[in-house]
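Notes for the one structure printed next.
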Amino acid sequence: PATIVARCQRFDLRRIPFADTREQLRRVAESEGMRVDPAVLEQLALVARGGLRDALSLLDQLSAYATGDLTLEVARAALSLPSVEAVRGALDGMTRRDPAAVMALLSDVAEGGADVRLFVDELLVHLRALLLLRTGADARLADEMPADEVAWLRERAPAWSVGALLRLVQTLSEALARTRDAQQFQIQAEVALLEACDVASSAGPAVVVTPAAPAAIEEPPQATEPSSTSIPSAGIPPQPEVREPRPVSESGLAAKWADVVDHVKSRNPLLATLLGRAAPLRLDGNVVVVAFQTDFNRKSAESNSNRRIIEDALTRTLGQTVRLRGTLAAGDGSPNLLDDPVINFAARTFGGEPRRLPS
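Right, dumping it as structure tokens:
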């Protein structure tokens, strides 16, 4: 109502441009007599993402942590900040399709004491900037990051497709939002970065499943009629018997699951780790249904490059061409009772509804 609106104050909040944040930090540091490296002020303004209060809070933490000059090394040690060089190195590695360099860099970030979540968050900022550059919506980038960083990204933007950037941003954003465990988050980040490197095409030659050669066909003996003149048979010789591959049972699928994981590990160790946490549920014709603990894991396994690796491993192990279909485990992390082949068979044979016994 107008009577309420007339008594209210309205504040339209907006993000403060990068240059203004950096300048305000410089003024505060100068007034407090702090000796701060300009690169530190730039890093704090970049991490604050337009929030002046956050930037001032980070500067206050640094002043309490260090007694001397506030250098970039001190700031990174105190706040577990990733270096811009590390973020640039990851982007360059993915641009070159160099998974070894990307994995080594991510390992160095973790072992060097930097927060992997902050590193991925900073990487997302740069990926978003690349996306804006590729779509021509980069007019406001100068308000969000240094001019030299924008110029560096502009040089590399043509090497990225919009689709690849969208997939990587979506995958990393979902991992940041859903995953709290540090080790699991690092694994998911590694899988996402490897996928961006198109590791399926660079990890080695594709596995080709060669069908078994057909058995030699023995010609049946020619039947002769008891007559004085031998007449060649004009009949059509019998067709060779085609033997269908023996279908794999559901229990056989579970028994061979470790072999499937081993095949995947030879081509993509991180994908094998993800697959080792999943469980094969059933075999629907030529479709293998696999339960994953999280929706992120399911989407990672069903991505085009990873799906090919898993389906190749399944085909080699099971001896028949199969396809992968992922599903989520039950809410408590365990598969549905009817997904167990033995319980499913018993329920179909004897009727009734299976129930889980209380522990």
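In my numbering, the protein residues as written are 123 to 481. Every residue gets a Cβ at the ideal spot worked out from N, C-alpha and C, and that includes glycine.
Buried or exposed for Gln-308, going by 16 or more other Cβ atoms inside 10 Å?
Here residue 308 refers to the residue found at position 186 when the sequence shown is read from its first residue. The residue in question, Gln-308, is buried, as its Cβ has 16 or more Cβ neighbours within 10 Å.
Relative to the alpha-carbon of Leu-305, which residue among Ser-295, Thr-293 and Leu-228 has its alpha-carbon at the smallest distance?
By one-based count along the sequence shown, residue 305 stands at place 183. It is Gln, not Leu, that sits at residue 305 in the sequence shown. Checked all of Ser-295, Thr-293 and Leu-228; the closest Cα to Gln-305 is Leu-228.
Going along the chain, which residues of its own chain have a beta-carbon closer than 8 Å to the beta-carbon of Val-238, five neighbours each way excluded?
In the sequence shown, counting from the first residue as 1, residue 238 sits at position 116. Contacts found: Leu-228, Val-231, Ala-232, Ala-304, Phe-307, Gln-308 and Ala-311.
Would the region 157 to 165 count as touching the region 191 to 205 if we require 3 or more Cβ pairs under 8 Å?
A contact exists between the region 157 to 165 and the region 191 to 205.
According to the neighbour-count rule (16 or more other Cβ atoms, all chains shown, within 10 Å of its Cβ), is Pro-367 buried or exposed?
As a working note, residue 367 is residue 245 in the sequence shown. Summary for Pro-367: the model assigns pLDDT 47, below 50, so the residue's position carries little reliability; its value from the coordinates is reported in the next sentence. By the 10 Å Cβ count, Pro-367 comes out exposed.
From Leu-252 to Leu-203, what distance separates their C-alpha atoms?
Locating residue 252 in the sequence shown gives position 130, where the first residue counts as 1. Locating residue 203 in the sequence shown gives position 81, where the first residue counts as 1. Approximately 21 Å, taken between the alpha carbons.
Buried or exposed: which applies to Glu-277, given that a residue is buried once 16 or more other Cβ atoms fall within 10 Å of its Cβ?
Numbered from its first residue, the sequence shown carries residue 277 at position 155. By the 10 Å Cβ count, Glu-277 comes out exposed.
Which term fits Gln-165, buried or exposed, when burial requires 16 or more other beta carbons within 10 angstroms of its beta carbon?
As a position in the sequence shown, residue 165 is number 43, starting the count at 1. Gln-165 is classed as buried because its beta carbon has at least 16 other beta carbons within 10 Å across all chains shown.
Hey, out of Ala-435, Ala-318, Leu-180 and Leu-275, whose CA is closest to Glu-207's CA?
Mapped onto the sequence shown, residue 207 falls at position 85. Answer by Cα proximity: Leu-275.
For a test of the three-state rule: what should DSSP assign to Asp-406, helix, strand or coil?
Residue mapping note: residue 406 aligns to position 284 of the sequence shown, counting from 1. Annotated three-state conformation of Asp-406 is strand, per DSSP.
Could you give the DSSP three-state label for Ser-324: helix, strand or coil?
Stepping through the sequence shown from its first residue, residue 324 is reached at position 202. Its pLDDT being 42, under 50, Ser-324 is placed unreliably in this model, and the coordinates cannot settle the point.
Leaving out the 5 sequence neighbours to the left and right, which residues in its chain are closer than 7 Å to Val-150 when beta-carbon positions are compared?
The residue given as residue 150 occupies position 28 in the sequence shown. Apart from sequence neighbours up to five positions away, the residues of its chain that approach Val-150 with a beta-carbon distance below 7 Å are Leu-178 and Leu-181, ordered along the chain.
In this structure, how does DSSP classify Val-158 when only helix, strand and coil are distinguished?
Counting from 1 along the sequence shown, the entry for residue 158 is found at position 36. DSSP places Val-158 in the strand class (E or B) of the three-state scheme.
Count the other CB atoms within 10 Å of the CB of Ile-431; is the residue buried (16 or more) or exposed (fewer)?
As a first step, residue 431 is located in the sequence shown; it is residue number 309 there, counting from the start. By the Cβ neighbour-count rule, Ile-431 is buried, with 16 or more other Cβ atoms within 10 Å of its own.
Which runs of the alpha helix (DSSP H) spanning at least 4 residues fall entirely within the region 140 to 188, listed in chain order?
The qualifying runs are 140 to 153, 160 to 170 and 174 to 187.
Let's test the definition: count the other Cβ atoms within 10 Å of the Cβ of Ile-465 and tell me whether it reaches 16, buried, or not, exposed.
Stepping through the sequence shown from its first residue, residue 465 is reached at position 343. Residue environment analysis places Ile-465 among the exposed positions, since fewer than 16 neighbouring C-beta atoms fall within 10 angstroms of its C-beta.
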